[in-house]
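Worksheet: one structure, shown below.
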Amino acid sequence: MISFVSGIWDASDFPDDALADVCTLKALCQMNRIASSSASPAAGMIAFSSLPISYLLHDRHGGSGFIRYVDASLAGYNGLNCTNVFHSCPFQIL
Numbered sequence: 001m002i003s004f005v006s007g008i009w010d011a012s013d014f015p016d017d018a019l020a021d022v023c024t025l026k027a028l029c030q031m032n033r034i035a036s037s038s039a040s041p042a043a044g045m046i047a048f049s050s051l052p053i054s055y056l057l058h059d060r061h062g063g064s065g066f067i068r069y070v071d072a073s074l075a076g077y078n079g080l081n082c083t084n085v086f087h088s089c090p091f092q093i094l
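Its first residue numbered 1, the sequence shown is counted upward by one per residue in my numbering.
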């Protein structure tokens, strides 16, 4: 789980704000997609951790984006293809 959070935090540090935003959303999406497809007991914790992570990112970026972060998490958890949804992020985050 630490590597997931690290990947999300790193994505939110990209110098280009627009790229940082979309790559952060993609990373949250990917984290939850991986969690939803896992039979591991940790999968629920990974998905649940999206709420506090979304809040921390929201706070880190000046109080904006909480709902978008949660929506990206839900998109991944529901099995959407994160690469297609967030295609403007050229990086494979996780």
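Using N, Cα and C, we set each Cβ at its ideal position, and we do this for glycine too.
Only a predicted model underlies this, so the values are computations on that prediction, with no experimental measurement involved.
| query | result |
| --- | --- |
| C-beta atoms of Y77 and S36 nearer than 8 Å | yes |
| Helix, strand or coil at D16 according to DSSP, with G and I counted as helix | coil |
| Classification of I46 by the beta-carbon crowding that lies within 10 angstroms, buried from 16 upward | buried |
| Q92 classed as buried or exposed, judged by whether at least 16 other C-beta atoms fall within 10 angstroms | exposed |
| Unbroken alpha helix (DSSP H) run spanning S50, endpoints | 50 to 60 |
| A39 in three-state terms, based on DSSP | coil |
| CA-to-CA distance, L74 to L56, given in whole angstroms | 17 Å |
| S50 classed as buried or exposed, judged by whether at least 16 other C-beta atoms fall within 10 angstroms | buried |
| Selection from K26, A20, D17, G44 that minimises the alpha carbon distance to T83 | K26 |
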